[in-house]
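Written below as structure tokens is the structure these notes are about.
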Amino acid sequence: MPKLISVLYQVTRAAFAVALFALGTQIYIRAVVNDIESHVPKGSTSTQPSPSNILANDSSLHSLTELIFGDTRLSRLQRILADMPAAYRAYFESHDQLTVFAPVDEAYDLETFEWDNPNFYWMFLEAYHYVIGNFSLEDLAAKPTVPAVLWADIYMSYRQRISTQLLSSDTVKLNHRATIVKPSLKAKNGYLHYVDRVMMMPISTAYVTRNWPEFTLLRKGLDDTGLAVIVNDTSTHNGQTLFAPSNRAFAKLGKDVTDFLFGPWGRECLRALLKYHVVANETLFTDSHFKANGRGPGLINNEVAPGFELNMSTMIPPLQLKANIHYNRERGSGKIRVNDEVDVTQPDIVVQDGVIHGIDDIIFPPKLGASTTKDGQGSISIWDKIKVKLFGTKTTMTVEDIMERFQPYLDQTL
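Numbering (UniProt numbering), first residue to last: 1 to 414.
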């Protein structure tokens with residue numbers, strides 16, 4: 001009998017969780033639709049120009065809708081948009097500052113879709129191809145991220161980002177995935193950029209750590225220490241910044257140290273080390289910052305630029321990471337440096353619950369007894385700064401150094 005009661009309890013909990021998730025999804029979708037409808041001018045109607053390739057012999061400016069429905073290379077996108085609610089189409093047609101990333105027909109062949117997906121799936125997917133603001137190809141080359149129409153959090157506090165990667169002076173990649181193919185077109189109400197891949201909605205942190213080859217050791221570390229459950233559980237945080245050490249970063253520690261960390265005797269140190277690389281409830285992109293408050297809409301700062309400095313609380317209270325935005329000469333924008341010594345080498349990997357920044361050096365907390373600020377941020381000696389400047393890396397760590405550095409922060413529950 002007690003076993004039956006336990007089973008019934010578990011089933012009831014599962015049913016309640018499913019119902020709660022379904023209700024939350026409906027509320028969020030309704031909020032998104034209401035937001036769209038509230039921005040549509042009264043009396044606006046949606047038109048669908050027939051595909052006639054109007055670009056062939058007409059050099060005058062057209063609206064984004066006319067450009068999309070007038071190009072035979074975008075027939076699949078046309079069919080998706082034609083099935084959208086009228087208010088949804090009218091929102092985009094009435095907006096006077098938009099940038100659209102339009103997948104060419106061949107792009108859809110590279111993806112796996114369930115074509116019976118509900119309409120709201122396609123609404124969200126297409127909203128991630130529309131960006132608020134007018135961004136030419138030159139603008140995108142100098143802008144680390146841009147804000148999509150799609151909301152990033154349930155409180156609709158800030159827009160989901162699309163990151164840009166400059167491959168050459170005139171070649172831009174989006175989200176480390178889709179490449180803009182020429183020509184880009186100026187419209188009456190913005191810009192149209194053709195892309196060779198569909199801009200899929202942001203993937204999970206777990207997907208990146210499990211499938212990107214440069215993070216195989218990070219994935220193993222998260223799994224071995226049990227941190228994967230916490231880092232990948234989006235219900236425990238609203239936004240997250242993960243400074244992700246690459247395989248190269250671990251290799252710099254040397255074989256003795258890595259063997260220790262990934263062996264049974266170093267697991268507690270590895271857990272503490274990885275916790276120091278995770279910031280919950282704050283999302284720092286190279287050019288924007290969002291901080292959740294846990295009760296409603298959070299605070300967003302879209303004015304992040306070279307000279308910006310921020311202390312962020314890690315998973316090891318009271319230790320913080322100091323992030324500085326430095327000038328990136330190559331792009332004419334910013335780049336992130338952590339604790340005055342570790343540069344982000346693979347910035348702005350957009351994920352469902354925040355952002356991942358790839359780094360090629362391990363970030364270490366201050367030594368026990370070293371001077372710290374009131375925020376728990378360790379100071380770095382002038383000699384260490386000189387070494388970093390000259391050699392581009394920190395002093396070599398031994399197993400004893402690692403143990404000494406993380407001893408105060410070990411989790412005895414492992």
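Yeah, the Cβ is synthetic: ideal placement off N, Cα and C, and Gly gets one too.
Note that the structure is predicted; figures quoted are calculated from it, not measured.
Unbroken alpha helix (DSSP H) runs of no fewer than 4 residues, entirely contained in the region 241–276, are found at 247–251, 255–261, 267–275, following chain order.
Annotation: F101 is outside any alpha helix (DSSP H); the continuous beta strand (DSSP E) that includes it extends over 98–103. About 5 Å separates the beta carbon of V100 from that of L192, a gap short enough to meet the 8 Å contact definition. Distance check between H357 and each of E341, T283, E309, H326 places T283 closest, using alpha-carbon atoms only. At least 8 Å separates the beta-carbon of G334 from that of F290. Taking C-beta atoms as the reference points, N232 and T258 fail to come closer than 8 Å. Distance from the CA atom of R73 to the CA atom of P183, rounded to whole angstroms, is 12 Å. Within the same chain, T164, V172 come within 6 Å of L140 by CB-CB distance, once the 5 residues on both sides are set aside. DSSP places E404 within a helical segment (H, G or I) once states are collapsed to three. Around the beta carbon of L242, 16 or more other beta carbons sit within 10 angstroms, so the residue counts as buried. For R79, the enclosing alpha helix (DSSP H) begins and ends at 75–82. For K322, the enclosing beta strand (DSSP E) starts and ends at 320–328.
Counting along the chain, the unbroken beta strand (DSSP E) around F290 starts and ends at 289–291.
E66 is the residue among E106, E66, V278 whose C-alpha sits nearest the C-alpha of R89. A distance below 8 Å separates the beta carbons of K220 and F262. With contacts defined by Cβ atoms closer than 8 Å, V350 and I162 form a contacting pair.
Of the residues assessed, L319 falls on the buried side of the cut-off, its CB having 16 or more other CB atoms within 10 angstroms. Considering only S94, N328, I68, D223, the residue with the shortest C-alpha distance to L270 is D223. Taking C-alpha positions only, P85 is separated from M199 by approximately 21 Å.
Under DSSP, P147 shares a beta bridge with R161. Taking 8 Å as the cut-off, the Cβ atoms of A148 and Y128 count as close.
Membership of L185 in the beta strand (DSSP E) is indicated by the continuous run 178–187.
DSSP, reduced to helix, strand and coil, places K335 within a strand of the structure shown. In terms of Cβ geometry, G298 and A292 form a close pair [threshold 8 Å].
Nearest in C-alpha terms to E138, of all of D170, D256, A249, is D170.
Y409 sits in a helix when the DSSP states are folded into three classes. Judged by DSSP secondary structure, G221 falls within the alpha helix (DSSP H) whose first and last residues are 216–225. Counting of Cβ neighbours within 10 angstroms places T236 among the exposed residues, the total staying below 16. Between D196 and A107, the beta carbon gap of about 6 Å places them in contact (Cβ cut-off 8 Å). Beta-bridge analysis with DSSP links D343 to R337. Take V399, set aside five residues on each side of it, and the residues of its chain with a beta-carbon closer than 7 Å to its own are D256, V257, F260, in chain order.
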